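There are 2 protein chains.
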Amino acid sequence: MTLIKSQQIISNIQESKTDEFNADHSTKLIPFGQYLFQRIITAGTKSIFGVPGDFNLPLLEYLYEPSLIKQGLRWIGNCNELNAAYSADGFSRYSNKIGCVITTYGVGELSAINGIAGAFAENVKILHIVGVARKKDSRPNTSNSRKNLHHLVPRLKDANFIGPNHKVYYEMIKDKVSCSTEWLDDINTACNKVDKVIKDIYRYSKPGYIFVPVDLVNQLVSVNNLVNEPSISMKDCLDKPSVTTLNEITDIICNWIYQSKAPAIIGDVLVDRYEANKELNLFIKKTQIWNFSTVNGKSIIDELNPYYMGLYNGDEGAPSVIERFLQCDLILNFGIDANEINHGHYTFKYKKDARIIELHPEYIRFIETDTNTEKIIRGINFVFILEELIKEINPVFLNFQYDSKVKAYTSQEVYPDIENVDSEEQDITVDRLTKAISTFFNPGDVVVSETGAIYFAFRDLVFPNQLKYIAQGFYLSIGTALPATFGVGIAMQDYPRCHITDDTVPTDYVPRLILFEGDGSAQMTVQEMTSMLRYQVPVELFIWNNNGYTVERAICGPTRSYNDIMSWNWTKLFEAFGDTNCQYTVSTLIETRSKLAWKMKQLKNKKERDNIELMEVQLGVLDYPKQLQSMVTAAKVRQKLETMEDHPAA
Amino acid sequence: MTLIKSQQIISNIQESKTDEFNADHSTKLIPFGQYLFQRIITAGTKSIFGVPGDFNLPLLEYLYEPSLIKQGLRWIGNCNELNAAYSADGFSRYSNKIGCVITTYGVGELSAINGIAGAFAENVKILHIVGVARKKDSRPNTSNSRKNLHHLVPRLKDANFIGPNHKVYYEMIKDKVSCSTEWLDDINTACNKVDKVIKDIYRYSKPGYIFVPVDLVNQLVSVNNLVNEPSISMKDCLDKPSVTTLNEITDIICNWIYQSKAPAIIGDVLVDRYEANKELNLFIKKTQIWNFSTVNGKSIIDELNPYYMGLYNGDEGAPSVIERFLQCDLILNFGIDANEINHGHYTFKYKKDARIIELHPEYIRFIETDTNTEKIIRGINFVFILEELIKEINPVFLNFQYDSKVKAYTSQEVYPDIENVDSEEQDITVDRLTKAISTFFNPGDVVVSETGAIYFAFRDLVFPNQLKYIAQGFYLSIGTALPATFGVGIAMQDYPRCHITDDTVPTDYVPRLILFEGDGSAQMTVQEMTSMLRYQVPVELFIWNNNGYTVERAICGPTRSYNDIMSWNWTKLFEAFGDTNCQYTVSTLIETRSKLAWKMKQLKNKKERDNIELMEVQLGVLDYPKQLQSMVTAAKVRQKLETMEDHPAA
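Here the protein sequences line up with chains A and B, keeping their order.
With full-length UniProt numbering as the guide, the letters of the first sequence map in order to residues 1 to 650.
With full-length UniProt numbering as the guide, the letters of the second sequence map in order to residues 1 to 650.
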């Protein structure tokens, strides 16, 4: 396709207006490129992340279609594709909409792949659109199909004779890090395939891929799908259970709750991914059941509710929380996601004879530990059950006999004796910092944490109500948080306050976006700071400068050179990255406890939140939070035991 | 493995000395981690790139084994894994040794994958070592195998019940971007598998992978392989042809040359990858055959030889070069690599009835265009033929009748009338810049170019002798050049002047390392500039600041926002990246032609080359080299013709 051609087509289609789709226009045709973006908008997404490349440029031209711009469609140019994927990930984690990223064949899509894998592992909705070679180039047995195209790896053998496998990258991701994958080789099925991938992404809450040949985007397609289905929401994509099934399950759960003396609710990560945070908190409020956060699901439950009992993470959590959890005879685990980080390396334990109900998007599972029996009902999403439970549960029949001496969890249980952070001019330690952070957030703030050393300290802090906490806590790819925060900031522009579901946050309060980032992690993806500047995303950006990979030092090689990094002057970065006269950014070097206290107080109470604040906070190289140390020690003990099992004679 | 254990093992093995391997020590055992690094050293590589991660830390501990350090082994810590892969790529392109990169399971290996794919596409030798989970974790049907490990994507369905596919990432790369792939699940075969992958990498000149379970590295292995094969060079890995075959092929080639009136040599990229540059230039010197460079093979042929006729790129090259090429009746294409960039989008044309000989690592192919017949002899590497040709060719029998009016190619043919760069204070244009560059290099310099707009201008410049030119000219992943240059610099520390094969470069001349980098490309991988500082790699770093993706603007959307980037203050970067008082770097903003001329003169004649010089050169947003413009125009015409073929009625 030539540039001139694409411009002609664009001017031809400028007439089309979205509201026309609502009328009967089954014969109306629009270019596929326009269809794709229109469908993305109708699925709830307005900002598109990515990097241009010659195989996606003709598609990107449709970003400028006036009717799409009118609906808020915008291009968000990232510095590289991995960062773009991370940004789309953050965008979706905040908004629960589909984060969309566009890359180009090979060079772009492969650069993004680790961000997609992370989203797959952590149930984040991303649509990855890859611009690929023309249909005619990949048609088999033609002179074109034998040509080695740029961005495409040739065959290992006979590369000068046999053409490349045009779908080599498609085969790499299909069924591995993508829940739904379509290569659009036929214009007649292209629209249906797009719709299918979008629905699968919502249904599975995982990334999906669409491969778009560069010569497909200007071909005309019917608007039928848009007329027949003018919007797609997540709920539209879930199989609705029959009334019978719904009642059957709800009745069992209600009865088990009525029979329980001390039930517990776990709010796990899939509650958030399936947009049921509000409902879960309503259910807690209505039933007054003791409730626990998880590592990956932290901040789903409003932790200031009087029945909040802390974050449960098996043997790796706080002893006082374990003690409470082991008093419970019925566990309702909403949105369960079992993995080694979230389940304390699979050390979850229960009270003797406890009953457990796992509520998952694909199944509801009832376990009776006294008889060691279980029943699984598949094909039902827990969100429908939760909605029904709120309606059906009758507080009159509740018969809880919780130990009245047990109080709600407070951070002081884990951090009883940390000195006051602003007491004097002294080095900042992780423990003191944790204490300072415990009073730093306001209700409704959005906090992103990198998965470095300090991340571990957050687990046992009680967050204010309606705080949205975002961290890649299972896949653990360092460097994710910085570009993800940029994506969160874009989503906060598109859907302001969408995470706030009750009235505890004053309507005139502008939620802050706060990033906690390690220095080693930040170096991985640092260029995306410039995008925060370019798209004016106000953020409070804490760089924990501890001179290296402290989280790795805790595991192995505390003083090894492989854990060292170059020492940066973080406060100089924004000037280099384009804020020439520091008009949009304030960068502050913080070496003492008193300066930290002063700055945190200033930020917490600031009225205008219209700039970027970067704080470089200097920490000790070997200063780990106790939670990280416990995890490492536990892992070593576990491995030693396993080794002894393997070699009992040793 | 615990840290304590690994330290014990390391102290136990401190006794071992390399020279011991030369004696009969068939019963001697060393830890596998030591074996792996010892084998890498014996294959010629001393610097290891990468990023630490919990699945590779125990392996990294062996980097500090004294006997290995004594042999020069060192860890080069990159800022992220993609950059590490690019660095290993540059390391290998410069040295022709194996570039080694170590990453961790999932998060690391996937981040690096685009760099590996680029190396695969461009025949670059990389060994990618991935630290993966313990053997016992991936053993099927155990309680461990059902656990969702961090860094590993869970299954799409039933993820809470069915364990992950531990080899999911292995399956992604095997036989796709890796020429040889081994997962070391058995200590008894581990050493042989390591050796096999290393040999395959040399044989195919492509990347290979070794997946190392974290609990394998301390297990003991025999030193047998090291004793029996104390070193591995590329030549050791190629199948040696029989004397009969060698003679048969050499005879045909010599006869064809003797019969030819106007033969031509093409020096293509695989000549460089198989370390035959010196031999090819010797052959040219001995035969005085006209010779041509290629896009991907530029700088293999010393372009100041009196028979150099320019860079041939089919229809997309300079007309005067095409004219010369079409006079030739025999084409000897050494190291041919056919792809759309290298072959001018497959527009190579030949004189009527010309004979063609393709000399490839896997085959020798004889084509007679008059009878349209061809003969392929497979399984023979051209380097053996080339060596034999040098010996066998007898100048007495040469009977060339070249047009005596034709002179050697000079850059002036393509750039006849560019004004003198230093004439006045004016804007710098790409054309003027190209002229300035044409006299900027010294013999023996090492030049790396990003594949941005300006890269296209280099094709038609004549380079000084013994200049090594490095560019990712086919896979074309922007952002590669900056970390690749860092890798080149590390290789230049390890193997100083190894690219210099004759005596035209004075022995006291220290070759410069010069990078030409676009601003949009640089933003992709910019953090690796800090590694140049950390490992003291002296480099002249030109940033062409044209405010965006100018190479894309030439193709589509010249003024579209998707081609814009944030405008940076490039001269402030090194201070932020750790050169606090500008002790190791000089950063210069260049806005005028006179300042450019002054700076280039200074750099060319500088005596001490012990620091980093960064030049931010401001260029026009829409200023493209003519070669880029021609390529885009040709592509549009070609696509229009193809569309007409498809739809003749249109």
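Just so it is clear, CB atoms sit at the ideal spot from N, CA and C, and this is done for glycine as well.
Bear in mind the structure is a predicted one, so any value in this text is a computation, not a measurement.
By the neighbour-count definition (other C-beta atoms within 10 Å, threshold 16), residue 546 of chain B is a buried residue.
Contact of residue 624 of chain B with chain A is not assigned, every C-beta pair being separated by 8 Å or more.
Here DSSP, grouped into helix, strand and coil, assigns residue 471 of chain B to strand.
Counting C-beta pairs closer than 8 Å gives fewer than three between the segment 577-584 of chain B and the segment 72-91 of chain A, which falls short of the contact rule.
Rounded to the nearest whole angstrom, the CA to CA distance from residue 70 of chain B to residue 38 of chain B is 11 Å. Interface annotation, residue 587 of chain A: not in contact with chain B, CB-CB separation never under 8 Å. By the C-beta density criterion, residue 268 of chain B is buried, having at least 16 other C-beta atoms within 10 angstroms. Along the segment 183-194 of chain B, there is no position whose C-beta sits under 9 Å from a C-beta of chain A. Contact between the segment 432-448 of chain A and the segment 456-469 of chain A is present: 3 or more CB-CB pairs across the two stretches fall below 8 Å. At least 8 Å separates the CB of residue 414 of chain A from every CB of chain B. Using a CB distance cut-off of 8 Å, residue 58 of chain B counts as an interface residue toward chain A. Residue pairing for residue 613 of chain B: DSSP places it in a beta bridge opposite B:540 and B:586. Scanning its chain for C-beta atoms nearer than 6 Å, with the 5 sequence neighbours on each side dropped, one finds around residue 550 of chain B the residues 453, in chain order. Assignment of beta strand (DSSP E) within the segment 13-99 of chain A, counting only whole runs of 3 or more residues, yields 29-31, 47-50 and 74-77 in chain order. When 8 Å is used as the limit between beta carbons, residue 523 of chain A is near these residues of chain B: 79, 80, 527 and 530, in chain order.
Between the segment 276-293 of chain A and the segment 342-352 of chain A there are fewer than three inter-stretch CB-CB distances shorter than 8 Å, so the stretches are not counted as touching. In terms of Cα proximity to residue 618 of chain B, the closest of B:522, B:427, B:502 and B:607 is B:427. For residue 40 of chain B and residue 342 of chain B, the gap between their C-alpha atoms comes out near 32 Å.
Boundaries for residue 170 of chain B: no beta strand (DSSP E) harbours it, while the alpha helix (DSSP H) harbouring it runs 168-173, taken from the DSSP string. Listed in chain order, the positions of the segment 102-131 of chain B with a beta carbon within less than 7 Å of a beta carbon of chain A are 106, 107, 110, 111, 113, 114, 117, 120 and 121.
Taking CB atoms only, residue 162 of chain A has no neighbour in chain B less than 8 Å away. When C-beta atoms of the segment 170-184 of chain B are compared with those of the segment 189-206 of chain A, fewer than three pairs fall below 8 Å, so the two segments do not count as touching.
Nearest CB-CB separation between residue 338 of chain A and chain B: below the 8 Å threshold. Under DSSP, residue 393 of chain B forms no beta bridge with any residue. Of the residues B:189, B:401, B:185 and B:307, the one whose Cα lies closest to the Cα of residue 259 of chain B is B:401. One alpha carbon belongs to residue 416 of chain A, the other to residue 408 of chain A, and they sit about 15 Å apart. Between residue 512 of chain A and residue 442 of chain A, the gap from beta carbon to beta carbon is short of 8 Å. When rounded, the separation of the alpha-carbon atoms in residue 215 of chain A and residue 173 of chain B is 28 Å. Per DSSP, the unbroken alpha helix (DSSP H) holding residue 121 of chain B starts and ends at 107-121.
Using a Cβ-Cβ distance cut-off of 8 Å, the segment 136-148 of chain A and the segment 99-111 of chain A are not in contact, since fewer than three pairs of beta carbons, one from each stretch, lie closer than that value.
Counting the other Cβ atoms within 10 Å of the Cβ of residue 67 of chain A gives 16 or more, which makes it buried.
Interface criterion met: the Cβ of residue 151 of chain B is under 8 Å from a Cβ in chain A. With a 10 Å radius around the Cβ and a threshold of 16 neighbouring Cβ atoms, residue 610 of chain B comes out exposed.
Closest in C-alpha terms to residue 262 of chain A, from the list A:287, A:242 and A:45, comes A:287. No Cβ of chain A is located within less than 8 Å of the beta carbon of residue 461 of chain B. Look at the segment 565-592 of chain B: the residues with a C-beta under 8 Å from a C-beta of chain A are 565, 566, 567, 568, 569, 570, 572, 573, 575, 576, 577, 578 and 580.
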